[in-house]
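Down below is the structure, laid out as structure tokens.
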Amino acid sequence: MEKERLGIYIHIPFCVRKCAYCDFLSAPASREIMDRYVDSLKQEIRGAEELAERYRVSTVFFGGGTPSLLEGEKLAEILEMLSQVMTVEAEAEITVECNPGTLTENKLDAYRTAGVNRLSIGLQSADNRELRLLGRIHTFEEFLESYELARKKGFGNLNVDLMSALPGQTREGWLQTLEKTADLEPEHISAYSLMIEEGTLFYERYREDAHGYRELPDEDTDRLMYEDTKRFLGGRGYERYEISNYARPGYACRHNLSYWERTDYKGFGIGAASLIRNIRYKNNTDLAAYLNGDLSYESVSALSRKDVLEETMFLGLRKMEGVVLTEQMRKVYGELLNKLEQEGVLCRKNNRIFLTDRGIDVSNYVLSEFLLDEEI
Ligand code: SF4
């Protein structure tokens with residue numbers, strides 16, 4: 086029996102310090118805690134050996150947090166454990182999220198030797214004022230050093246993460262960030278707009294009823310920035326393949342595509358999520374418990390037919406190529422599809438449906454329309 090593809094996500098919940106807008110599961114930690122965390126990760130991976138019978142690993146993604154805070158050898162130990170337990174494809178895409186200022190020559194050498202072939206570097210903005218405001222640990226110049234070091238060490242598949250709709254940011258300012266980034270010719274660019282999340286410093290400053298709210302670009306400007314992004318990056322040879330993701334031909338992120346296409350994936354580390362045979366798992370988020378060997382789940386939920394169909398629609402439609410229209414979709418969503426087509430937010434072609442440009446502008450509305458009231 087041919088083995089199925091599996092994505093692996095490994096959560097590294099450590100950062101130099103907390104950024105002002107961040108609500109991810111991450112915090113500063115000592116080297117000793119990081120080493121103990123790696124030991125727990127290896128234990129968790131060892132315990133997942135039953136997956137090896139059915140699956141082969143086609144992508145690995147170290148996310149965080151700041152995975153590049155780990156010593157290169159530690160990251161290599163995790164990958165070594167993974168390949169002892171499961172078959173990792175020779176051509177697997179192996180990504181490490183990195184932050185400028187945490188990369189060294191030795192670390193990058195160790196990554197390459199361990200098989201890492203893609204780096205995702207968090208820049209967010211090419212404007213040092215905006216970087217300070219965000220609470221990032223680096224300047225644009227420090228990002229350039231890390232980027233050039235990665236190229237010098239032979240990494241031929243780089244992503245740069247950017248963020249638009251920042252407080253005080255204008256469309257011109259955002260275009261400058263795009264231009265400085267595209268000039269470097271990374272293979273992939275992610276461009277999300279800032280979300281103000283509860284529990285962050287930014288929430289105190291910029292939530293709707295807070296003093297700073299009016300410093301945020303309004304909804305129209307936010308939308309125009311998205312349009313600017315598509316137009317500008319399109320002109321530089323980047324194809325938008327998902328609402329917020331752009332790539333040179335052949336460089337779409339295979340790992341993230343597997344989320345949108347709902348192929349199975351297994352997450353390791355605190356708070357990591359998994360999707361295995363239509364069951365969603367979420368790991369516990371308690372670091373102290375994890376370090377003491379408690380590898381239990383916070384939640385396990387078996388998805389119903391309705392859940393699966395809804396997810397197929399609102400994840401799949403994030404991709405520009407959309408989803409293949411099935412009999413079940415026609416039956417359940419027939420009227421809705423006609424309505425959305427008439428509104429000009431959805432398009433049907435060659436038995437696929439996908440968002441139009443207008444649909445992308447109002448994607449929250451369109452995607453939420455696919456939530457169903459009743460089981461099917
Ligand atoms: S580096 Fe990333 S994960 Fe860490 S605090 Fe900043 S935004 Fe959050």
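The opening position of the sequence shown corresponds to residue 86 in this note's numbering, with each subsequent residue numbered one higher. Every residue gets a Cβ at the ideal spot worked out from N, C-alpha and C, and that includes glycine.
- Straight-line measurement puts the Cα of Y106 at about 8 Å from the Cα of M280.
- Proximity of the beta carbon of G239 to the ligand SF4 is not indicated: no heavy atom of the ligand is located closer than 7 Å.
- A distance below 8 Å separates the beta carbons of G150 and S111.
- Within the stretch 228 to 311, the runs of alpha helix (DSSP H) that reach at least 4 residues and sit entirely inside it are, in chain order, 256 to 267, 286 to 291.
- One thing to note: Y326 has its Cβ no nearer than 8 Å to the Cβ of M398.
- Taken in chain order, the unbroken stretches of beta strand (DSSP E) that lie wholly in the stretch 412 to 443 and span 3 residues or more are 431 to 434, 437 to 440.
- Annotated three-state conformation of K351 is strand, per DSSP.
- Sorting Y375, S275, I445, H340 by C-alpha distance to the C-alpha of L309 places I445 at the top.
- Shown here, T187 sits in coil according to DSSP, grouped into three states, outside any helix or strand.
- Taking every protein chain shown into account, the CB of M86 has fewer than 16 other CB atoms within 10 angstroms, so this residue is exposed.
- Counting along the chain, the unbroken beta strand (DSSP E) around E89 starts and ends at 89 to 97.
- In the three-state DSSP reduction, A114 falls in the coil class, being neither helix nor strand.
- The DSSP-derived three-state label of N377 is coil.
- Rounded to whole angstroms, the separation of the alpha carbons of E227 and A387 is 45 Å.
- Following the DSSP letters along the chain, one finds Y450 inside the alpha helix (DSSP H) bounded by residues 448 to 453.
- Between the alpha carbons of L269 and Q413 lies a distance of about 45 Å.
- One alpha carbon belongs to E289, the other to D108, and they sit about 13 Å apart.
- For T144, the enclosing beta strand (DSSP E) begins and ends at 140 to 149.
- Of the heavy atoms belonging to the ligand SF4, at least one sits nearer than 7 Å to the Cβ of C107.
- Between V142 and T189, the C-beta spacing is not below 8 Å.
- Cβ contact annotation for E233 (same chain, cutoff 6 Å, sequence separation greater than five): none.
- Measuring C-alpha to C-alpha distances from K351 to each of E176, I130, E428, A267 identifies I130 as the nearest.
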